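J.:
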Amino acid sequence: MAKSSMQIKVFTGICLWLTLVPLASHLEAKVTKSAFGNMPDGTKVEIFTLEEGALKARIMTYGARLVSLEVPDRTGKVADIVLGYESLAPYLADPKSYFGSIVGRYGNRIAHATFSLDGKAYQLPANDGVNTLHGGIKGFDKLVWQGHEIPRGVELTLVSKDGDQGFPGTLTARVRYTLDAHALKIEYFATSDKDTVLNLTNHSYFNLAGEGQGDILNHLVKIPADRYTPVDSGLIPTGELAPVAGTPLDFHQATAIGARINSDNEQMRLGMGYDHNYVLNGELGVLQEAAVVMEPTTGRILTVETTQPGVQFYSGNFLDGTLHGKHGHVYARRTGFCLETQHFPDTPNHPMFPTSELKPGETYHYITIFKFSTAP
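In this text, residue positions in the sequence shown follow my numbering: the first is 64, and each later residue adds one.
1. Roughly how many whole angstroms lie between the Cα atoms of Lys96 and Gly210?
2. Can you tell me whether DSSP reads Gln330 as helix, strand or coil?
3. Does the beta-carbon of Ala176 have 16 or more other beta-carbons within 10 angstroms, so that it is buried, or is it exposed?
4. Between the alpha carbons of Val355 and Gln375, how many angstroms are there, rounded?
5. Hey, out of Val145, Tyr169, Ile430, Thr418, whose CA is closest to Thr370's CA?
6. Considering only residues of the region 232 to 304, which uninterrupted beta strand (DSSP E) runs meet the minimum length of 3 residues and lie entirely inside it, listed in chain order?
7. Can Ala505 and Tyr251 be called in contact, C-beta distance under 8 Å?
8. Any chance the region 378 to 393 sits against the region 406 to 421, with 3 or more Cβ pairs inside 8 Å?
9. If the criterion is Cβ atoms closer than 8 Å, does the pair Val260 and Phe178 meet it?
10. If I'm right that Asn194 touches Arg172 with Cβ under 8 Å, what's the distance once you round it to whole angstroms?
11. Would you list the one or two residues that DSSP bridges to Lys96?
12. Let me confirm a value: Ile200 is counted as buried when at least 16 other C-beta atoms fall within 10 Å, else exposed. Which label applies?
13. Between which two residues does the alpha helix (DSSP H) carrying Lys154 extend?
14. Report back the beta-carbon spacing between Ala246 and Phe111 to the nearest angstrom; my notes put them in contact at under 8 Å.
15. Is the region 330 to 345 in contact with the region 287 to 294, if contact means three or more CB pairs nearer than 8 Å?
16. Mapping DSSP to helix, strand and coil, what is Gly391?
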């Protein structure tokens, strides 16, 4: 049997094993806070460190970003598995990677930088060709949130005024990061005083071998979704919910990221690899498995669960080697992958997609959990 086939067989067995083994006992997470620098206007940026056994996460208030995430491998060796920087300055100098940030108001793309709500058209700043990406020129990733310690983690709050980046309504957003049962949980809350649209997500790039440890093409991925949203040349959904069956986007069976990434398929050409939203099969608002990823050499396994209707699988196609991250590591193409749990891209312009509207009196509330384990 070929090595890749053996890896997939083992991985499939591990996925079944994970559903049967109860969570082990765990320690209460410890939380500490320290300074992480200053913005150009003097605003202080803080960083919160969450530790639960061998699991350690660091979250800073600039962009509510996950700065580092240390996870043990099958031998107990710990490595940081998210791409990023060691200090504040390079984050400020990097406007395009969104490493580890909470993106908003609207994560992913809005076509032609415009949408209509309640019969009124809203114009947004175009920062991705003619489209708006991740909330605009100065999205939530480029703002300083207010953070405070909570049990097992940190809560960060941001108030976005009516008209911020063109979006209606004064929005109050809260994001909680907590460690529990060897998992990182991200919980999102928001309210608005006017009808608005909202799509918050975390934009961490993962490499389960460790950041800076080569590409992610040998990672084995399983995504239990029957459909996806095909895109046009601007990576905007066409509106169709297409089956993944018979395409390189079918990850019902665990498959290496690199196995079909360069295939002669129109969607793969348009995305320059994987950069697609998967339509999750479960019920909106109910926690469900969105993806499972294993890195064979270290045995690290990442299981993603969410209450969101979709997940964007992105294979780091726009990383180009110009960014030097932690420890001077060069972040070349496809050295990190993202699993951005979300509402679908361009939902405000597609009435048939699950709505992303938020009305006064309602509370936006979604959960994403990144669980960690290892293959024997």
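Glycine included, C-beta positions come from ideal geometry on N, C-alpha and C.
Computed from a predicted structure; not experimentally measured.
T.: On the basis of the coordinates in this document:
1. 10 Å
2. helix
3. buried
4. 13 Å
5. Ile430
6. 234 to 242, 246 to 255, 283 to 285, 290 to 292
7. No information on residue 505 is available, as it lies outside the stretch 64 to 439 that the chain covers here.
8. no
9. yes
10. 5 Å
11. Phe111
12. exposed
13. For the sequence presented, residue 154 should be read as Tyr rather than Lys. Segment 151 to 155, the alpha helix (DSSP H) holding Tyr154.
14. Rounded, the Cβ-Cβ distance is 17 Å, inconsistent with contact.
15. yes
16. helix
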